[in-house]
Amino acid sequence: MVRGRRTAPTAPTAPSHPCRPRRHRPAQKNVCTPHVRPKKAFKLFAQAADSTPQTVLLIEFDNESDNGATIVSIEGENQSDLLVSVTGAFSALDLLVLDAMIKTEEGRVMDVFRVTTGRGEQIEEDDWGSVRQHVLSACSNSSRSSKPAIYGVAAESEETKQRPMSMANSNSNNNTFVEAELNNIENTAADLEAAAKDMQQSAADLVRIEQELASTKKAASAMAVDGEGNMSAEQGVDAQQVMAQLSARAEAAAILERRMAAMEALLSARRSPEGLSVTGPSSQRGGGAEGRFVMGSGGTGTGPAAGSGYEVFLQAFNWESCKHNWYKVLMEQCSEFAEAGFTALWLPPPTDSVSPQGYLPRDLYCLDSQYGSEAELRELVKTIQSKGLKAMADIVINHRCAHYQDDQGRWNRFGGRLAWDNKAICSNNPQFGGTGNLDSGDDYEAAPNIDHTQEFVQKDLVGWLNYLKKSIGFNGWRFDYVKGYGGKFTRLYIDGSVPELAIGEFWDSCDYTDGVLDYNQDKHRQRTVDWCDQTGGTSAAFDFTTKGILQEAVGRNERWRLVDAEGRPPGVVGVWPSRAITFIENHDTGSTLGHWPFPYHGLHEGYAYILTHPGTPCVFYDHYFQSDQGLGDSIKKLLKIRKQFGIHSRSKVKILQAVAEAYAANVDDKLTVKIGPGDFTPNSDGKDEWVLCCSGPSFAVWHKKGVIVFSNL
């Protein structure tokens, strides 16, 4: 669920309905659709939004003007090293620049390039999105981190290289261990010295800029004042100069923050016990949740929140799926999903809704939606289960749109089988005239917030969930926007309906300093763990901590972020892996909304990470069918490897390396995975114990010789 400014829709029964759908932005990349090839798009806009003035580039592709090459035109504000950045991006993609026309007028560039592939061919239209992302990343001029658009800044990615840190090999004999430790001490000393110099230089740069601003302030205070006490315009300070200084200060602070984060990671690596493994829940989560599932403990038999532990989910829709007869589309693809190794499909919200995507529900028992009819939904669920898969419904119960107005014109009278009135609405929703209790979670302004403390609401929602389970056939629930109501109510609904699967969307902002993602995200992941504990451990949660850290690590060449101070994975997967649903993208963060997108060039690395690590991975529909750079094929290979070697939500992971350009880990002593462009091999000291089983752009996976596998690739 996205929180942000919205525009008012036209409700079918009430043109002035106040419920507002989530803001829809024009597509910035090709979106996977089932029937239609993405339309030809000549112009792709690249915008880097930040707290500094925006830099906007218009990137235009043309395969018609020149049969022998693709014409790439770039127009926008000039910036330092722009030409070098663009040509470097082309070179990194093995594209050849035949010639170029460079033009700069009044601070703006209008550059035109004739470009071919290494084979001398035009760039295919399907690859334009990838080229655009690479050029955008290369031209980004900010060191500040990407943040979810719903929380404010949406800075574009920039790769900022850091010094590597060293980690010890724990499998040596005594002599080898001593030699390795001495080498590590020498390397660590060099790393510390380099990191300290980087920090010193960054601090000096920031101090210099601060002093310049102080001088500007002093000059402003010395301006001439006329007889009436007004400042003389002739003595005024240049506003553009001040804005430039403020922008430079923000950038310098961000760079210093990054170098401080790199130093923190380096020091943590020196303090950390080597070879720590993820063995299950730690002291960072509350106690008692596991006892819920022990026979004879008195707990209800809901089973593990994320199923068997061997589950692999597919989010089987995107933001544009409502524009198609989606249930019929999925019916034709169920066999393929089962063969690929998925175990469950996450389906879109099934109910009547003010917004076509389903996230502003109205009549919960009306299951005719923009995705298809109730009859088609029933057929789809049967088809899914006939292929050995589970069907998971998207449950939106934080809020509900009313059918009718009260005598004061407020929308708080509900229709359908659940004909509630304003007592079902939280009292801190005055715009809807709520007379219930105060909201037990965060406010959602777009629609009436449901008061989950009311017994009649609880009873009605449990009844509805059981209807979806017993009549329609759903196996599990994905709860939308669970920050909006107390976790104990999620437990109540799970206890009352006993699903096989339960996942909550607890989307909380990561921690940032000076616009830079903090290295230590323990507090962020702890908030997710706390929510899972509020459900009594009955619900898993999407691991937004892992997503935030992983996309920062890949996008900015900072893979040292992928280990915490205790030597574990830094997300929820590092402290409670059986409750962590790892993912790269969803309909909010990616698709055509793009509220917090994963770096396009790093998608292979991202999936290599989540599909080989503990936690329960969830693959995004668009990525599974993405042919660009073979992403879909890589995902299919990784899915088979996960199944073949029995990797599960509680698998043990030992991080072998976490430096700027390379991350490597051993999983269950069966697989070794490496992501990043840096060098790494598990076959050290001339031994040949590991066999390469899969590789792709900036990733590789090896399996150990002699390991018993579950099935054949």
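All residue numbers for the sequence shown refer to UniProt numbering, where the first residue is 1 and numbers rise by one. Cβ coordinates follow ideal geometry from the N, Cα and C atoms, glycine included.
Under the DSSP assignment, Gly496 falls in the alpha helix (DSSP H) whose first and last residues are Gly487 to Ser497. Assigned with DSSP and collapsed to three states, Cys401 falls in coil, not helix or strand. When the five nearest sequence neighbours on each side are left out, the beta carbons in the same chain lying within less than 7 angstroms of the beta carbon of Ala402 are those of Trp411, Asn412, Arg413, Phe414 and Pro448, in order along the chain. For Thr116, the enclosing beta strand (DSSP E) starts and ends at Arg108 to Thr117. For Pro577, same chain residues with a beta-carbon under 6 angstroms away, outside a window of 5 residues either side, are Val278, Pro614, Gly615, Ser649 and Arg650 in chain order. Annotation: the continuous alpha helix (DSSP H) that includes Ile641 extends over Leu631 to Gln644.
Within the stretch 403-472, the runs of alpha helix (DSSP H) that reach at least 4 residues and sit entirely inside it are, in chain order, 455-467. Counting C-beta pairs closer than 8 angstroms gives three or more between the stretch 526-538 and the stretch 560-579, which meets the contact rule.
Selection Ala424, Ala196 and Gly602 evaluated against Ala553 yields Gly602 as nearest (Cα-Cα).
Residue environment analysis places Tyr404 among the exposed positions, since fewer than 16 neighbouring C-beta atoms fall within 10 angstroms of its C-beta. Inter-residue distance for Glu320 and Pro348 is about 11 angstroms (C-alpha atoms, whole angstroms).
DSSP places Phe625 in no beta strand (DSSP E); its state is neither H nor E.
In this structure, the alpha-carbon of Glu124 lies about 37 angstroms from that of Ile647. Contact check for Ile584 and Phe598: beta-carbon distance about 5 angstroms, within the 8 angstroms limit, so the pair qualifies. No residue range can be given for Ala660, since it is assigned to no beta strand (DSSP E) and is classified by DSSP as neither H nor E. Here Thr545 is buried: its Cβ has 16 or more other Cβ atoms, across all protein chains shown, within 10 Å.
Taking a 10 Å sphere around the C-beta of Asn429, we find 16 or more other C-beta atoms and assign the residue as buried.
Of the candidates Leu389, Glu336 and His324, Leu389 places its Cα closest to the Cα of Trp346. Asn683 is classed as exposed because its beta carbon has fewer than 16 other beta carbons within 10 Å across all chains shown.
Distance from the CA atom of Met392 to the CA atom of Asp668, rounded to whole angstroms, is 29 angstroms.
For Ile395 against Trp477, the beta-carbon gap comes to about 5 angstroms, under 8 angstroms, which counts as contact. Membership of Lys382 in the alpha helix (DSSP H) is indicated by the continuous run Glu374 to Ser386. By the neighbour-count criterion, in which a residue is buried when 16 or more other Cβ atoms sit within 10 angstroms of its Cβ, Asp480 is buried. With fewer than 16 other CB atoms across the displayed protein chains lying within 10 angstroms of its CB, Gln240 is exposed. Closest option to Ala664, judged by alpha-carbon separation, among Gly632, Asp588, Phe645 and Gly567: Gly567. Counting only the Cα atoms, Gln211 lies some 10 angstroms from Lys217. Between the alpha carbons of Cys532 and Gly487 lies a distance of about 7 angstroms. Ile472 and Glu336 have their C-alpha atoms roughly 23 angstroms apart. Among the bridge pairs identified by DSSP, Asp394 is matched with Arg478.
Selection Ser353, Leu380 and Ser355 evaluated against Glu332 yields Leu380 as nearest (Cα-Cα).
Here the alpha carbon of Val462 sits roughly 6 angstroms from the alpha carbon of Tyr493. According to DSSP, residue pairing for Asp99 in a beta bridge involves Arg114. Under the three-pair Cβ rule at 8 angstroms, the stretch 684-691 does not count as touching the stretch 627-634. Linking Ser355 to Pro361 through their CA atoms gives a straight-line distance of about 8 angstroms.
Gln521 sits buried, since 16 or more C-beta atoms from the chains shown fall within 10 Å of its C-beta.
Apart from sequence neighbours up to five positions away, the residues of its chain that approach Ser497 with a beta-carbon distance below 7 angstroms are Val462, Leu465, Asn466 and Lys469, ordered along the chain.
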